[in-house]
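All remarks here apply to the structure that follows.
Structural data, given as structure tokens:
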């Protein structure tokens, strides 16, 4: 025992590779035997027959592997283990899709597979393999929805995509619903270059077609034309503009020296206990800042109804409706999953990445929102005739 030489890692890998190759080869032989109806080296009693082999190289966990794929005389035999034109085994495909879902680029995956398994896989092949999630994405995007949601949050996230030789900024609109069970659900993604009432009305009609009959509250980020479309599609719904986005937009063109003071005064408006108090604070806010920053005052006055809708609800409900923090948290996870990709070749490439990230995210949404029993008891009273 003392004189035995240690086995090198390369020798172990080579043995494993030979074993895998032998197993795959025997499996292919077994498939053909079942197909033609007689085992190898026995007389043929069927109307079909074996017809030699075709050599095929496939990528496996053990590295590139050459296999002899048996053929039949009629050319009807289609192996299930290694399909026609398949060059990567399913378990390797699963690893590629998993790495892509974690945010790795096609070239990152190419390098990792080359370093770990000695595989020579092009980025275009990685892209084609991950395209197999597109039918799942389409099915998910068209799946039936619940009939009612307490809140639907809207927001968008921007990506650069190549289109007809040019790089364009495209907005991906993300919708999240809060069901009557207090659980969050991603309703889908929509991609479009422009915002308009007609576009949003098309989105809402799509949601209706998927079974969504009623939304109690929409929480939106001032998207152009969206309030008009909501009023047309869901006239009974309340619309709440995100206060956080309102603050950011107002402070965008305020001088650095006055930002802190103006923000403090603005807080007296949205932090009021009642809408009447908020109106009084708004009058004071306007009197102080109208001459210096008229655009800030105009924004609040123009959007007053949708900015203060939350005052009609109990405090517990206000906290979840007047900001889009929920959806911004989701978007941050999407950005993390796509941070390595500064430019996408197609719209499908964006949606494919977001869908994979969404599937990982939804695995964590198994519990109702904190304090939901108390919140629901109030919702049940406020919307008694619609539940």
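In our numbering, the protein residues as written are 462 to 848. Note that the Cβ used here is the ideal one computed from N, Cα and C, for glycine as well. Bear in mind that the values here come from a model prediction, so they are computed numbers and not experimental data.
Counterpart residues of residue i in DSSP-defined beta bridges
| i | result |
| --- | --- |
| residue 612 | 639 and 678 |
| residue 627 | 624 |
| residue 689 | Bridge partners of residue 689: none, in fact. |
| residue 617 | 634 |
| residue 805 | 622 |
| residue 647 | 637 |
DSSP three-state assignment for residue i, whether helix, strand or coil
| i | result |
| --- | --- |
| residue 515 | strand |
| residue 830 | coil |
| residue 632 | strand |
| residue 529 | strand |
| residue 653 | strand |
| residue 811 | helix |
| residue 537 | coil |
| residue 684 | coil |
| residue 699 | strand |
| residue 740 | helix |
| residue 845 | coil |
| residue 718 | helix |
| residue 462 | Any reading at residue 462 needs caution, since the residue's pLDDT is 48, under 50, leaving its predicted position unreliable; the model's value is listed next. It is coil, neither helix nor strand. |
| residue 839 | helix |
| residue 658 | helix |
| residue 606 | coil |
| residue 749 | helix |
| residue 729 | helix |
| residue 591 | helix |
| residue 694 | helix |
| residue 510 | coil |
| residue 561 | helix |
| residue 498 | coil |
Exposed unless 16 or more other CB atoms sit within 10 angstroms - verdict on residue i
| i | result |
| --- | --- |
| residue 849 | No answer is possible for residue 849: the residues shown for the chain start at 462 and end at 848. |
| residue 539 | exposed |
| residue 717 | exposed |
| residue 842 | exposed |
| residue 638 | buried |
| residue 757 | buried |
| residue 804 | exposed |
| residue 462 | Any reading at residue 462 must be qualified, since the residue scores a pLDDT of 48, below 50, and its modelled position is unreliable; no value is offered. |
| residue 696 | exposed |
| residue 623 | exposed |
| residue 511 | buried |
| residue 531 | buried |
| residue 714 | exposed |
| residue 676 | buried |
| residue 832 | exposed |
| residue 594 | buried |
| residue 519 | buried |
| residue 700 | buried |
| residue 571 | buried |
CB contact below 8 Å: residue i versus chain C
| i | result |
| --- | --- |
| residue 839 | Annotation note: the requested chain C is absent from the structure, which comprises a single protein chain. |
message = With a threshold of 8 Å, are at least 3 pairs of Cβ atoms found where one atom belongs to the region 592 to 608 and the other to the region 795 to 814?
response = yes
message = Contact between the region 781 to 797 and the region 636 to 656 is defined here as three or more beta-carbon pairs at a separation below 8 Å; is this criterion met?
response = yes
inquiry  = Three Cβ pairs or more, each shorter than 8 Å: is that satisfied between the region 670 to 685 and the region 602 to 620?
reply    = yes
Stretch-stretch touch, CB-based, cutoff 8 Å, three pairs: the region 704 to 715 with the region 732 to 743 = no
ask   = Can you find at least 3 beta carbon pairs, one from the region 681 to 692 and one from the region 721 to 732, that sit closer than 8 Å?
value = no
Every unbroken alpha helix (DSSP H) inside the region 774 to 800 [4 residues or more] = 776 to 782 and 786 to 798
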